[in-house]
Amino acid sequence: MRAVLDASAAANIVMRTERAPDFIERLEGSSLVLAPALFHSEIANTLWKYVRFGNLDRETALTCYEEAIGLVDAFETDEQLATEAISAAIQYSHPVYDLLYVILARRHGCKVLTADKKLISLIEKIDENILP
């Protein structure tokens, strides 16, 4: 399997949630893990929220960020995905951010690993084959 990892799944992994083992198992079974460049900002923002609400200290957040980035084998620039993502966002009335992951998965024949229920619902409408 080839996978596109989104920030919600990565956050579950680095924060060691109860869902982490499932995501880790899927990553370990993947020959390639991709993400759009947006992943960097999304995981950083997620970790900042954990710090802001007192669930994580600064140093741990930085360590978790590096761990999350290390889960991905290759990043594709958002620029390469944006035109198609905008078109799909308009069609499905859904934010472009999520469509970057969907478009990346479809282009490379990957499964999207996500904990985001809205994204899962969107993928079910667009192409169930990219869900694990």
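For the sequence shown, my numbering begins at 86 and goes up steadily by one. Heads up, the beta-carbon is just placed ideally off N, CA and C, and yes, glycines get one too. Model, not experiment: these values are computed from the prediction.
Closest in C-alpha terms to P106, from the list L198, Y186, F160, E144, comes L198. Burial state of D91 is buried, judged by a 10 Å Cβ sphere holding 16 or more other Cβ atoms.
DSSP places L184 inside the alpha helix (DSSP H), whose first and last residues are 181 to 193. Residue state for A88 is assigned as strand, using DSSP reduced to three classes. Within the model, the alpha-carbon separation for E113 versus I98 is close to 12 Å.
The residue from Y186, K202, K203 with its alpha-carbon nearest to that of C195 is Y186. Where P106 is concerned, the enclosing alpha helix (DSSP H) starts and stops at 105 to 113. Between D183 and L156, the CB-CB gap reaches or exceeds 8 Å.
Closest in alpha carbon position to L166, among A190, H125, S116, E209, is A190.
Contact between V118 and D163 does not hold, since their C-beta atoms are separated by about 17 Å, which reaches or exceeds 8 Å.
Inclusion of I188 and E169 in the CB contact set at 8 Å is warranted, their separation being smaller than that value. 8 Å or more divides the Cβ of C149 from the Cβ of M86.
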